[in-house]
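J.: One structure, pasted below without further comment.
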């Protein structure tokens, strides 16, 4: 866990990323962060990506609902016995130390999320807020949610996880 604390090296600079119209910021969703901080068979994938982003100076962003989703996922794992309550609480503390800038909803962001929700034919707009934020910041969205990745079908939506 001490290694993880060294990940908090993100700078505030913006430059060009892989896409010509993208700045050096990234949007990451709750599924990615949970896979990053909770031990699992593929955790090294997420740790390496996160370390690479830190080394590159990328700024990380998420909509404020990220906080609710991470908290909900960790509390569910504690209730189900997958994690001890103490470990889940420590993981939550760690999640907040990752220097992810939480962005509040705006009318423009909500309108974009609404459009994504309709386009993806989703019942809820949670994932759509991540898409809308990445789109508005002109940056890539990284997710560990294969369903979101497949549904969005955009070159700037990236899947982090094992190849199946």
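Residue numbers (my numbering): 502 to 665. Built from N, CA and C at the ideal position, the CB exists for glycine as well.
Could you tell me which whole alpha helix (DSSP H) segments of length 4 or greater appear in the stretch 598-643?
T.: Qualifying alpha helix (DSSP H) stretches, in chain order: 608-621 and 627-638.
J.: Whole angstroms are fine: how far does the CA of residue 532 sit from the CA of residue 588?
T.: Counting from one through the chain shown, the residue named residue 588 turns up at place 87. Counting from one through the chain shown, the residue named residue 532 turns up at place 31. One C-alpha to the other measures close to 18 Å.
J.: Please say whether residue 661 and residue 621 have beta carbons closer to each other than 8 Å?
T.: If you number the chain shown from 1, residue 621 lands on position 120. If you number the chain shown from 1, residue 661 lands on position 160. Cβ distance not < 8 Å, so residue 621 and residue 661 don't count as in contact.
J.: Below 8 Å between beta carbons: does that hold for residue 528 and residue 642?
T.: Indexing the chain shown from 1 puts residue 528 at position 27. Indexing the chain shown from 1 puts residue 642 at position 141. Result yes, Cβ atoms of residue 528 and residue 642 sit closer than 8 Å.
J.: Hey, how far is the Cα of residue 616 from the Cα of residue 645?
T.: As a position in the chain shown, residue 616 is number 115, starting the count at 1. As a position in the chain shown, residue 645 is number 144, starting the count at 1. So the alpha carbons of these two residues sit roughly 22 Å apart.
J.: Could you pull the DSSP bridge partners for residue 564 from this structure?
T.: Numbered from 1 along the chain shown, position 63 holds the residue referred to as residue 564. Residue 564 is bridged to 604.
J.: The beta strand (DSSP E) that contains residue 659, what's its start and end?
T.: Locating residue 659 in the chain shown gives position 158, where the first residue counts as 1. Residues 658-660.
J.: Check this for me: beta carbons of residue 604 and residue 569, under 8 Å apart or not?
T.: Within the chain shown, residue 604 is the residue found at index 103, counting from 1. Within the chain shown, residue 569 is the residue found at index 68, counting from 1. In this structure, residue 569 does not lie closer than 8 Å to residue 604 by Cβ.
J.: I think residue 573 touches residue 579, with their Cβ atoms under 8 Å apart; what is that distance to the nearest whole Å?
T.: For the purposes of this step, residue 573 is taken as the residue at position 72 of the chain shown. For the purposes of this step, residue 579 is taken as the residue at position 78 of the chain shown. Not really, about 11 Å apart at Cβ, beyond 8 Å.
J.: According to the neighbour-count rule (16 or more other Cβ atoms, all chains shown, within 10 Å of its Cβ), is residue 540 buried or exposed?
T.: Mapped onto the chain shown, residue 540 falls at position 39. Exposed.
J.: My output table needs one value for residue 584: the three-state DSSP class, helix, strand or coil.
T.: The count along the chain shown starts at 1 and reaches residue 584 at position 83. In this structure, residue 584 counts as coil in the three-state DSSP scheme.
J.: Could you round the C-beta distance between residue 595 and residue 538 to whole angstroms and report it? I think they count as a contact, below 8 Å.
T.: For the purposes of this step, residue 595 is taken as the residue at position 94 of the chain shown. For the purposes of this step, residue 538 is taken as the residue at position 37 of the chain shown. About 5 Å; that satisfies the 8 Å criterion.
J.: Considering only the beta carbon of each residue, do residue 656 and residue 543 sit closer than 8 Å?
T.: Here residue 656 refers to the residue found at position 155 of the chain shown. Here residue 543 refers to the residue found at position 42 of the chain shown. Their beta carbons are not under 8 Å apart, which means residue 656 does not touch residue 543 by this criterion.
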